[in-house]
Every structure is written in structure tokens, then in C-alpha cells.
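Numbering (our numbering), first residue to last: 5 to 232. Even for Gly, the Cβ is constructed at its ideal location relative to N, Cα and C. First comes the structure, then the notes that go with it.
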């Protein structure tokens with residue numbers, strides 16, 4: 005029979021893994037789909053020379069921002085030959101989001117708001133969902149409309165899913181794997197050790213001795229939790 009603590013821990017891991025899959029797979033798809041659609045939009049707008057479509061600086065800005073995560077994943081994949089299974093990719097994605105999701109979310113929202121605002125009139129009077137009954141004059145115009153609409157939907161879908169991810173991560177509901185937990189523990193231990201060294205360098209004294217005891221107790225608790 006499994007100990008109660010171990011059973012609860014196993015159930016918690018299953019729960020966090022399920023949530024990570026539910027949010028991670030759409031995010032993984034959107035990470036590559038968003039820059040692909042933006043690149044396709046730029047190409048189709050450049051080809052539609054007989055229309056009033058015009059690109060602006062925000063198209064380039066969004067393309068650059070949307071390529072940050074794909075570039076990170078591709079570089080990690082090239083550098084790590086074991087980076088070939090979906091589970092490893094999702095764990096790596098989880099660890100990267102665990103570290104950088106909040107600033108990335110802010111950057112993405114800032115870019116998405118600017119992009120949506122400054123490109124809102126680029127299709128003139130064409131409806132957002134590009135109905136087939138509308139008179140487009142040229143077939144390439146409807147293709148451009150569909151790509152643009154899909155692009156904006158994917159952009160804000162990414163904002164939605166990464167917001168859910170950040171919220172779930174705040175409540176420790178994202179599975180980052182044992183390696184990710186060990187990295188966090190090592191980082192915390194290093195901070196505690198540095199604090200301890202700084203206190204010792206300040207010299208002895210009743211206040212400093214109390215701080216030393218507190219830091220040692222925390223380090224001991226960390227070590228005991230890892231053993232259990």
C-alpha cells in the first residue's frame with residue numbers, strides 16, 4: 005500500500021501533467037502557427053500589388069516577437085539530440101514558460117494591442133470573417149483577408165492560453181518535471197547560501213547569530229524534504 009503522502013503526490017503529478025498537456029499542446033501549435041501566418045500575410049500583401057493593402061512597421065514588429073519562442077525551441081532542439089519526443093518538448097516548454105512567461109505575456113499583449121489597433125483598417129470595408137458572398141474584385145483579396153483574420157485569431161488565442169498557463173503556474177498546477185524542480189531548488193539553495201555568507205562576513209553579534217540560525221534551519225528543512 006502506498007503511503008498517503010506519496011499517493012497524494014502521485015495524484016498531484018497526474019493532475020499537473022494533464023493541465024500542462026491541455027494548455028501546452030495548443031500553445032505549442034500556436035508558437036509555430038502565429039509566425040507562419042504572419043509571414044504568409046506579409047508575402048500575400050506584397051504580392052497583392054493591385055490592391056490598396058499596405059504593410060506597416062507593426063507587421064515586422066509582430067513577426068519578430070512571434071519568432072522568439074520558435075527560435076528558442078529550435079536552438080534547444082539542435083543543441084540537444086534527445087529533444088525529439090513530445091513529452092520532452094512540453095517539459096522544456098514548461099520550464100521556459102516557468103521562468104519567462106510573465107514578461108513574455110506582457111510583451112505579447114503589448115504587441116498584440118498595437119498590432120490590432122494599427123492594422124484594424126487595412127482591409128477597408130471587407131468583413132472580418134471574409135464571407136464568400138462579398139464582392140472581393142480579385143481572388144487574392146479574399147485569400148489575404150482569410151490569412152489576416154486567422155492571424156489575429158491565433159494571436160489572441162495565444163494570449164488567452166498563455167494567460168491561463170501563467171495563472172495555473174502561480175498555483176503550482178503546471179508540471180515542469182523533476183529537472184525543473186531541481187533547478188529551482190538549486191537556485192533557492194544558492195540564494196540562501198549567499199545570504200548566509202553575507203551575514204557571516206558582517207561579523208558576530210546577537211542579531212547576526214539569529215539570522216544565521218534561521219538560514220541554517222531553512223537549509224536543513226530543504227535537505228530533509230529532498231530526502232523524504
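About 20 angstroms separates the CB atoms of residue 116 and residue 57; that is not less than 8 angstroms, and the two are not in contact. Where residue 167 is concerned, the enclosing alpha helix (DSSP H) starts and stops at 143-174.
When C-beta atoms of the segment 166-173 are compared with those of the segment 115-130, fewer than three pairs fall below 8 angstroms, so the two segments do not count as touching. If you draw a straight line from the Cα of residue 138 to the Cα of residue 72, it is about 37 angstroms long.
Around the C-beta of residue 68, fewer than 16 other C-beta atoms lie within 10 Å, and the residue is accordingly described as exposed. In the three-state scheme derived from DSSP, where H, G and I count as helix and E and B as strand, residue 26 is classed as helix. Residue 98 is positioned such that its CB atom lies closer than 7 angstroms to that of residue 178. A residue is called buried when at least 16 other Cβ atoms come within 10 angstroms of its Cβ; residue 162 meets this threshold and is buried. Between residue 45 and residue 152, the gap from beta carbon to beta carbon is short of 7 angstroms. The C-beta of residue 160 has fewer than 16 other C-beta atoms within 10 Å across all chains shown, which makes the residue exposed. Between residue 61 and residue 144, the gap from beta carbon to beta carbon reaches 7 angstroms or more. Just so you know, the alpha carbons of residue 28 and residue 142 end up roughly 39 angstroms apart. In this structure, 47 is the residue among 23, 164, 47 and 131 with its C-alpha nearest to the C-alpha of residue 64. Under the DSSP assignment, residue 63 falls in the alpha helix (DSSP H) whose first and last residues are 61-70. The Cβ atoms of residue 114 and residue 169 lie no closer than 7 angstroms to each other. Apart from sequence neighbours up to five positions away, the residues of its chain that approach residue 146 with a beta-carbon distance below 7 angstroms are 134 and 140, ordered along the chain. Per the coordinates, the alpha-carbon of residue 37 lies some 20 angstroms from the alpha-carbon of residue 118. In the displayed model, residue 20 falls within a helix according to three-state DSSP.
Here the alpha carbon of residue 77 sits roughly 14 angstroms from the alpha carbon of residue 39. Taking the Cα of residue 107 as reference, the smallest distance to any Cα among 66, 75, 131 and 166 is reached at 166. Of the other Cβ atoms in all chains shown, fewer than 16 fall within 10 Å of the Cβ of residue 59; this residue is therefore exposed.
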